[in-house]
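Q:
Numbering (my numbering), first residue to last: 924 to 1471.
Now the structure itself:
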């Protein structure tokens, strides 16, 4: 096969240093609450949750006709039943929820369009037509072709309806979560009873969140937390009779002490800078929690050259573990591969804890290695989850859908910034294939077992360092000819300039002084070890010796 007929590889993006986190969120448990505290929190959450549901309903009814005047009118209507700050927090949360629904709606339309294009292409192919790496072929049988034609009609109908809803500004939002709503009709599968589901559903629909205000006392007037941990809440107007402190405030009997980032939080509220708070109930455990969050300027990333100065740790992300390998600044693997496992089955809290634990282990090991950066693939599976793209590969679709790329990336960037490590994102193209091809066998020994994931981590690290994934050029087998095939890093037969002028040669020591500033070049010459090669030298007739 000639070079022109080979498969053209897609363009590989250059690696870059990921931006640091733009926000912080810390959480602590509200311990030792009295029955009165629990009662007041439930009443406030239920009352404000009812107002938030009504406000979201009004916002969805406005659709694309929403204006700043209608926003002000909604806020004014909520103020009488709560307070001006509670009304502002509710309307802002409503606006953010509607905007998020619009973005999800657009992503759904793009997914339907991709599915329709794939189905139309495959239905147009003859039955049994084999596909290529670039485009899929036809379906295997007439029965499968018929079922896919029915599915195409279904997707086209969904696409038309969704497009019409988007043009009209209609969105579908469920306060409390669509998944929890679906569990109501599958209680046995969700392992819930009707009272358990009801308690969870009501708690998810409560509203107990307040945005911060810079310049106000301790950064928040609605939910205020003092430096000593005292928590006080501004009660809505209908519940003001439950206040146990001046100006309609209720002070909880417990105190919070943020263990993580506590010093940073105290410095912030000491300067009266904005801090947002959210109070929520874990129904399964029966525990109340307080979450504090604030924004921070995006951390300026270090230059890519500085991140590469001490080498790199290449990380390959998989469905159940991180595969990591340390590389020095020249791109050479050092030591043995490491793996950090996590379990992504179970509840969301369990999965999140597993990710945090694996990321912590990875960062601790990277710190002991002495590197300044971690190379990781810039994964994005948003277009890789459709069953029209992968056909019958249900297991592969589940594998791709099970990797929380967004959460992994956010966790890794945030936690690495706290330890002074940079994250270098690289293009994931061909890392697994080329890593397995060029690094798995050379690094395998009697005492080291290499998997394709370990080899992929080496490939990711070399790409993050700016080196090609391929290993250095191997010496010829028999002699300097290419009888065994094309060399690894050698110029191809069709590459222009491969016979160009060689670089300047070093001047001799005895005449270097007389030729300072001059550069001599020489054309390529045949090697002395190659037989029957045409010599590049020239013959010169020497004059006869003068014997007289």
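Note that CB positions come from ideal geometry on N, CA and C, so glycine has one too.
Specify the secondary structure class of residue 1180 as computed by DSSP and reduced to three states.
A: coil
Q: Can you grab the Cα-Cα spacing for the pair residue 1221 / residue 945, in whole Å?
A: 5 Å
Q: Which residues share a DSSP beta bridge with residue 1217?
A: 947
Q: Measuring straight from C-alpha to C-alpha, what distance separates residue 974 and residue 952?
A: If I take the Cα positions, the gap works out to 26 Å.
Q: Take residue 1361 and list the residues in its own chain whose beta-carbon comes closer than 7 Å to its own, dropping the five residues that flank it on each side.
A: 1392, 1393, 1394
Q: Using 8 Å as the threshold, is the C-beta distance between residue 1191 and residue 1217 below it?
A: In contact: residue 1191 and residue 1217 (Cβ atoms closer than 8 Å).
Q: Helix, strand or coil: how does DSSP classify residue 1147 here?
A: strand
Q: To test your reading of the DSSP string, which unbroken alpha helix (DSSP H) runs of 4 or more residues are found completely within the stretch 1339–1373?
A: 1354–1361, 1363–1366
Q: Give, in chain order, every unbroken run of the beta strand (DSSP E) that is at least 3 residues long and sits entirely within the stretch 1100–1159.
A: Correct list: 1146–1148, 1153–1157.
Q: With a CB to CB cut of under 7 Å and the five nearest residues on each side skipped, what residues in its chain are close to residue 960?
A: 1175, 1176
Q: Can you give the beta carbon distance from residue 1197 to residue 1142, rounded, assuming they're within the 8 Å contact cut?
A: 5 Å
Q: Measuring only the C-alpha atoms, how far is residue 967 from residue 1163?
A: 10 Å
Q: Pick from 1090, 1299, 1107, 1127: whose alpha carbon is nearest that of residue 1489?
A: There is simply no residue 1489 to check, as the chain begins at 924 and stops at 1471 in what is shown.
Q: In whole angstroms, give me the CA-to-CA distance for residue 1199 and residue 1046.
A: If you take the alpha carbons of residue 1199 and residue 1046, they lie about 53 Å apart.
Q: Taking the alpha-carbon positions, what's the residue 996 to residue 1092 distance?
A: 20 Å
Q: Tell me the start and end of each unbroken beta strand (DSSP E) in the stretch 1229–1296 that is at least 3 residues and wholly inside, in chain order.
A: As for any beta strand (DSSP E) of minimum length 3 sitting wholly inside the stretch 1229–1296, the runs are 1235–1240, 1244–1250, 1256–1264, ordered along the chain.
Q: List the residues that DSSP assigns as beta-bridge partners of residue 1173.
A: Paired residues: 1156.
Q: What is the DSSP secondary structure of residue 1204, counted as helix, strand or coil?
A: strand
Q: Does the structure place the stretch 1035–1043 close enough to the stretch 994–1008 that three or more beta carbon pairs sit under 8 Å?
A: Judged by Cβ distances under 8 Å, the stretch 994–1008 makes no contact with the stretch 1035–1043, as fewer than three pairs qualify.
Q: Is the CB-CB distance between residue 1157 and residue 1144 below 8 Å?
A: yes
Q: Relative to the alpha-carbon of residue 1207, which residue among 1119, 1302, 1283 has its alpha-carbon at the smallest distance?
A: 1119
Q: Where does residue 1455 land, buried or exposed, given buried means 16+ other C-beta within 10 angstroms?
A: Its pLDDT being 49, under 50, residue 1455 is placed unreliably by the model, and the measurement read from it follows with that caveat. With a threshold of 16 other beta carbon atoms within 10 Å, residue 1455 falls short and is exposed.
Q: Do you know offhand how far residue 1350's Cα is from residue 976's?
A: 43 Å
Q: If residue 1035 and residue 1078 are in contact, beta carbons under 8 Å, what's the gap, nearest whole angstrom?
A: 6 Å
Q: By DSSP, does residue 1306 sit in helix, in strand, or in coil?
A: Its pLDDT being 49, under 50, residue 1306 is placed unreliably by the model, and nothing is read from it.
Q: Check whether the Cβ of residue 1197 sits closer than 7 Å to any heavy atom of the ligand ZN, and report yes or no.
A: Questions concerning the ligand ZN fall outside what the structure shown contains, since it holds no ligand whatsoever.
Q: Please classify residue 1355 as buried or exposed, where buried requires at least 16 other C-beta atoms within 10 Å of its C-beta.
A: buried
Q: How would you call residue 970, buried or exposed, if buried means at least 16 neighbouring beta carbons within 10 angstroms?
A: buried
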